[in-house]
Amino acid sequence: MSKAIQALQIRNLRKKYSKVEALKGVDLTLPQGEIWALLGPNGSGKSTLLKCVVGLVKADGGEIEIFGDSPSRRRKGQIAFVPEVENLYRWMTVRQAVDFTAAFYADWDGARVAGLLEFMGLDQNKKVSSLSKGMRARLKLVLALARKAPLLLLDEPFSGIDPASRDRIVEGIVRQFKSEEQSMIISTHAVGDTEQLFDGVVFLDEGTINLQGNAEDLRNQYGKSINDLFKEVFA
Amino acid sequence: MKIRRVTLIVLVFLTVLFIFDVRYFGNRSIQEPSIHFNVGPGILEPAAHKMQEFILSQSDFTSLALKGRHGVVELRSAESDVIKVQAIIWADEEEVLEGLEVRESISGRELSYELSQGPAGQEAGLGFIVHVPDGMEVSVDHQFGSVNVDDFVGFLNLNTSFSNLNVNGIEGTVTIASNFGNINLQRIRGPLRLDNSFATCRVGLLAIDGGYDFDVVVTNGTLLGKAPFQIGAESNNKLVARGQSGEGVHPVIIRSNFGTVSVSLED
Amino acid sequence: MTRFFRLLRKDLQASLLPLGFLSGIALIVMLFTRVRISMGSWPNEAALAAVSLPLVFLPLWLLWQSFQTLRIEWREDTVYTLLVLPLPGWKVMLAKLAAICLEYTILLAVTAVGALIFFAPQVQQAMENLPSLLWVIRNFSLVYLFSLGVLASMVIFVQLAFVVSKMVGRVQGLIAIWTLFLSSWFVEVLGALMEPLFRWIPVLSLDRLFRLDELRAGIVFELNLASEIGSWLGILALFVLTGVLFEHFVEVSG
Numbered sequence: 065m066s067k068a069i070q071a072l073q074i075r076n077l078r079k080k081y082s083k084v085e086a087l088k089g090v091d092l093t094l095p096q097g098e099i100w101a102l103l104g105p106n107g108s109g110k111s112t113l114l115k116c117v118v119g120l121v122k123a124d125g126g127e128i129e130i131f132g133d134s135p136s137r138r139r140k141g142q143i144a145f146v147p148e149v150e151n152l153y154r155w156m157t158v159r160q161a162v163d164f165t166a167a168f169y170a171d172w173d174g175a176r177v178a179g180l181l182e183f184m185g186l187d188q189n190k191k192v193s194s195l196s197k198g199m200r201a202r203l204k205l206v207l208a209l210a211r212k213a214p215l216l217l218l219d220e221p222f223s224g225i226d227p228a229s230r231d232r233i234v235e236g237i238v239r240q241f242k243s244e245e246q247s248m249i250i251s252t253h254a255v256g257d258t259e260q261l262f263d264g265v266v267f268l269d270e271g272t273i274n275l276q277g278n279a280e281d282l283r284n285q286y287g288k289s290i291n292d293l294f295k296e297v298f299a
Numbered sequence: 096m097k098i099r100r101v102t103l104i105v106l107v108f109l110t111v112l113f114i115f116d117v118r119y120f121g122n123r124s125i126q127e128p129s130i131h132f133n134v135g136p137g138i139l140e141p142a143a144h145k146m147q148e149f150i151l152s153q154s155d156f157t158s159l160a161l162k163g164r165h166g167v168v169e170l171r172s173a174e175s176d177v178i179k180v181q182a183i184i185w186a187d188e189e190e191v192l193e194g195l196e197v198r199e200s201i202s203g204r205e206l207s208y209e210l211s212q213g214p215a216g217q218e219a220g221l222g223f224i225v226h227v228p229d230g231m232e233v234s235v236d237h238q239f240g241s242v243n244v245d246d247f248v249g250f251l252n253l254n255t256s257f258s259n260l261n262v263n264g265i266e267g268t269v270t271i272a273s274n275f276g277n278i279n280l281q282r283i284r285g286p287l288r289l290d291n292s293f294a295t296c297r298v299g300l301l302a303i304d305g306g307y308d309f310d311v312v313v314t315n316g317t318l319l320g321k322a323p324f325q326i327g328a329e330s331n332n333k334l335v336a337r338g339q340s341g342e343g344v345h346p347v348i349i350r351s352n353f354g355t356v357s358v359s360l361e362d
Numbered sequence: 003m004t005r006f007f008r009l010l011r012k013d014l015q016a017s018l019l020p021l022g023f024l025s026g027i028a029l030i031v032m033l034f035t036r037v038r039i040s041m042g043s044w045p046n047e048a049a050l051a052a053v054s055l056p057l058v059f060l061p062l063w064l065l066w067q068s069f070q071t072l073r074i075e076w077r078e079d080t081v082y083t084l085l086v087l088p089l090p091g092w093k094v095m096l097a098k099l100a101a102i103c104l105e106y107t108i109l110l111a112v113t114a115v116g117a118l119i120f121f122a123p124q125v126q127q128a129m130e131n132l133p134s135l136l137w138v139i140r141n142f143s144l145v146y147l148f149s150l151g152v153l154a155s156m157v158i159f160v161q162l163a164f165v166v167s168k169m170v171g172r173v174q175g176l177i178a179i180w181t182l183f184l185s186s187w188f189v190e191v192l193g194a195l196m197e198p199l200f201r202w203i204p205v206l207s208l209d210r211l212f213r214l215d216e217l218r219a220g221i222v223f224e225l226n227l228a229s230e231i232g233s234w235l236g237i238l239a240l241f242v243l244t245g246v247l248f249e250h251f252v253e254v255s256g
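Chains as they are written, first to last, in the working numbering: chain A, 65 to 299; chain B, 96 to 362; chain C, 3 to 256.
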């Protein structure tokens with residue numbers, strides 16, 4: 065029987081910045097069609113892990129497989145990545161940002177984007193620089209969710225934004241995620257009421273995975289919500 | 096971490112190669128530049144021309160001075176007692192030519208030729224074909240043309256601008272001041288003083304008893320050579336070559352600005 | 003619109019403000035000079051200085067701009083967007099290079115139009131001393147192409163220097179300057195080493211190409227291609243290298 069191809073398979077991933085070891089041999093498997101949470105405090109290595117997958121930083125060792133292949137330009141085109149930083153061209157209007165992104169991805173869904181912009185309350189004629197932080201976070205998410213990318217990596221999408229935007233983003237993810245076609249990792253340092261989103265969780269601390277597994281199994285095993293478990297693990 | 100280390104290693108490796116290159120392959124400015132720019136003589140076709148000929152006995156003169164413009168000067172010497180000067184005057188129109196002539200003047204033992212004053216605003220030229228006895232001193236002052244010297248024995252003084260200079264065979268003392276024009280000196284045997292700017296100079300010396308003493312300075316240019324001297328950079332834009340062959344009796348002094356100088360000494 | 007042109011448009015749009023500012027300055031300088039000449043305060047020759055000023059300043063500004071366009075991508079974190087694009091690195095770099103070349107062209111055109119508007123009598127006077135309008139157009143086009151080639155080479159050096167500096171942790175400025183120096187040394191050495199291979203190529207007679215004999219007889223202006231070709235190949239190799247480094251080896255800060 066052939067082994068099922070995973071959306072993302074990471075083995076013994078290591079990364080060191082100067083004197084800081086950001087990842088100390090991480091192993092992670094993201095099954096297809098699931099949303100997993102990458103949980104950990106600031107500086108635990110969550111962003112580095114995701115950056116390694118999209119090629120923004122180069123791992124010192126270990127292996128990464130995306131849908132069974134090593135990272136390549138083709139695979140890059142199948143990942144929708146939302147970084148923690150604000151990677152938008154601030155002089156562009158919302159419309160220009162959308163058009164710019166659309167030009168590069170074959171999986172761009174033009175029909176989906178109009179609905180998403182409306183749902184997120186984004187005015188297409190507004191300049192990115194004039195948007196609030198929350199609105200810019202929504203726009204970043206729109207640019208990722210408007211694609212039918214098989215793998216979505218969201219790095220701290222809820223970080224430092226207002227509750228209204230946070231709720232919209234969560235709702236947007238729930239509405240747009242197609243489990244039969246897509247897989248997703250969301251990294252966050254605060255689980256809160258986003259817990260219902262996740263099929264699986266990975267607890268990362270100082271570059272090492274403390275705990276990982278199916279969210280439901282963990283809840284049953286420890287008799288706690290993921291949020292409580294998170295607090296306990298990182299207390 | 097690995098990438099940073101590899102990048103630094105590559106940079107260090109290239110730096111070592113660079114130091115090695117500078118140390119063992121010298122200053123790369125001591126190479127012929129790939130761009131040659133030279134404002135040479137204008138090849139103007141004379142519409143009208145006439146010739147005057149002067150033949151004199153050498154016994155009365157020790158030096159000859161020629162002042163030309165827009166033409167070709169041909170000079171050679173031979174074992175004879177006769178000075179023969181053929182002057183070719185040209186102008187745009189016959190009428191202009193009629194009012195022009197070559198003026199001969201004698202001052203002591205010096206004989207000189209130049210063009211008389213023509214009508215104002217009219218372009219006229221003067222070239223020479225000259226045969227002199229060996230051992231004479233000949234001075235040529237020429238602009239916008241070319242000067243060709245073959246098998247000359249004696250003392251030669253050339254002052255040219257916007258003129259190409261071709262010398263093939265000299266035994267004696269040569270002094271040249273030239274701006275804007277290619278200089279090609281071959282088979283030179285004797286002391287040489289060359290001052291030039293904005294020119295490409297090729298100097299081919301023949302071995303001589305007593306040898307040469309080289310003193311070459313090129314500013315803002317290129318210096319090449321196959322002669323017993325050491326080329327070095329005195330500053331960013333100044334190349335210097337000094338050295339001797341034999342006892343260094345005959346001076347070879349070259350001063351060049353914004354040009355290429357190539358010096359060779361045949362055994 | 004292809005992906006490349008989308009990138010090019012983005013880079014051009016990002017430079018619109020400084021481009022407009024510089025064009026405005028060039029036109030104001032020319033207008034001011036024109037007024038001073040009309041008043042008799044300045045001689046006619048000042049027109050030449052007013053036109054030359056932007057032409058001298060332009061390449062320097064564009065080199066700075068080629069550095070700046072990359073620096074801003076890092077400073078404003080938009081490099082995250084560029085690096086995750088499923089595109090070869092050379093396309094990203096080529097778009098930036100083409101944008102700089104287009105900016106150069108636009109600024110040259112603005113200067114030329116400004117000169118024609120503000121210094122029409124002086125231009126007409128200059129034209130009378132030149133062989134023909136066709137000669138002027140032909141030679142200006144050739145000078146433009148040559149200068150564009152030189153500018154593009156310099157931009158390639160700057161791009162490589164910047165990308166390499168982003169591959170080290172510290173003293174990035176020094177590394178960039180040193181890389182700039184080493185890369186120019188590298189192409190010079192390559193040109194010298196490969197020169198014997200290309201000696202069969204005849205010397206390019208620039209005086210014939212530019213028809214300088216129509217201006218004044220006796221001008222010799224030659225380019226020995228043999229020692230240049232190796233350098234050009236070296237520059238091309240550096241461009242490819244920059245693309246590869248950008249796509250596969252550059253990192254965003256941790």
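Even for Gly, the Cβ is constructed at its ideal location relative to N, Cα and C.
All values derive from a computational prediction rather than experimental measurement.
In whole angstroms, what separates the C-alpha of residue i from that of residue j?
i: Val111 of chain B; j: Gly151 of chain C; result: 30 Å
i: Gly245 of chain C; j: Ala52 of chain C; result: 39 Å
i: Lys212 of chain A; j: Lys242 of chain A; result: 9 Å
i: Ala16 of chain C; j: Gly179 of chain A; result: 28 Å
i: Ser292 of chain B; j: Gly299 of chain B; result: 19 Å
i: Leu33 of chain C; j: Trp44 of chain C; result: 13 Å
i: Leu144 of chain C; j: Met95 of chain C; result: 25 Å
i: Asn141 of chain C; j: Ala161 of chain A; result: 42 Å
i: Val177 of chain A; j: Pro90 of chain C; result: 26 Å
i: Leu261 of chain A; j: Thr157 of chain A; result: 31 Å
i: Gly1 of chain C; j: Gly320 of chain B; result: Since the first residue of chain C shown is 3 and the last is 256, residue 1 of chain C is not available in this structure.
i: Gly285 of chain B; j: Ile203 of chain C; result: 38 Å
i: Ala143 of chain B; j: Val167 of chain B; result: 15 Å
i: Phe145 of chain A; j: Val191 of chain C; result: 43 Å
i: Val170 of chain C; j: Tyr153 of chain A; result: 25 Å
Any idea which residues DSSP pairs residue i with across the strands?
i: Val358 of chain B; result: B:Val298 and B:Gly320
i: Leu216 of chain A; result: A:Ala144 and A:Met248
i: Thr255 of chain B; result: B:His237 and B:Ser273
i: Ser292 of chain B; result: B:Asn274 and B:Asn352
i: Ser172 of chain B; result: B:Val227
i: Asp133 of chain A; result: A:Ile130
i: Asp187 of chain B; result: None, per the DSSP bridge assignment.
i: Thr157 of chain A; result: A:Lys191
i: Ser158 of chain B; result: B:Glu205 and B:Glu232
What does residue i reach in chain F if we use C-beta pairs closer than 8 Å?
i: Phe164 of chain A; result: Among the protein chains of the structure shown, namely A, B and C, there is no chain F.
Go ahead and label residue i buried or exposed: buried means 16 or more other beta carbons lie within 10 angstroms of its beta carbon, across all protein chains shown.
i: Ile138 of chain B; result: A caution first: Ile138 of chain B carries a pLDDT of 48, below 50, which makes its placement in the model unreliable, though a value can still be read off. Exposed is the call here.
i: Pro221 of chain A; result: buried
i: Met2 of chain C; result: In the structure as shown, chain C starts at 3 and stops at 256, and residue 2 of chain C therefore has no counterpart that could be examined.
i: Lys295 of chain A; result: exposed
i: Asp209 of chain C; result: buried
i: Thr107 of chain C; result: exposed
i: Glu197 of chain C; result: buried
i: Val205 of chain C; result: exposed
i: Asp187 of chain A; result: exposed
Is residue i close to the ligand NAP? I mean its beta-carbon at under 6 Å from any heavy atom of the ligand.
i: Gln240 of chain A; result: This structure lacks the ligand NAP; in fact it carries no ligand of any kind.
Throw me the rounded Cβ distance for the residue i and residue j pair, which I believe falls under 8 Å.
i: Ser271 of chain B; j: Ile283 of chain B; result: Reading the sequence as shown, one finds Ile at residue 271 of chain B and not Ser. Incorrect: roughly 10 Å between the Cβ atoms, too far for contact.
i: Val262 of chain B; j: Leu280 of chain B; result: 5 Å
i: Gly222 of chain B; j: Gly163 of chain B; result: 6 Å
Using 8 Å as the threshold, is the segment 261 to 268 of chain A in touch with the segment 98 to 110 of chain A, meaning 3 or more CB pairs across them? yes
Is it a yes or a no for the segment 331 to 342 of chain B touching the segment 304 to 314 of chain B, going by three-plus beta-carbon pairs under 8 Å? yes
Contact between the segment 135 to 144 of chain A and the segment 61 to 70 of chain C is defined here as three or more beta-carbon pairs at a separation below 8 Å; is this criterion met? no
Cβ contact check for the segment 179 to 198 of chain A and the segment 163 to 171 of chain A: 3 or more pairs under 8 Å: no
Say whether the segment 244 to 262 of chain A touches the segment 279 to 295 of chain A, bearing in mind that this needs 3 or more beta-carbon pairs closer than 8 Å, one atom from each stretch. yes
Are the segment 173 to 183 of chain B and the segment 225 to 240 of chain B touching, with three or more C-beta to C-beta distances below 8 Å? yes
Mind the definition here: the segment 218 to 236 of chain A touches the segment 74 to 94 of chain A only if three or more C-beta pairs lie below 8 Å; say whether that holds. no
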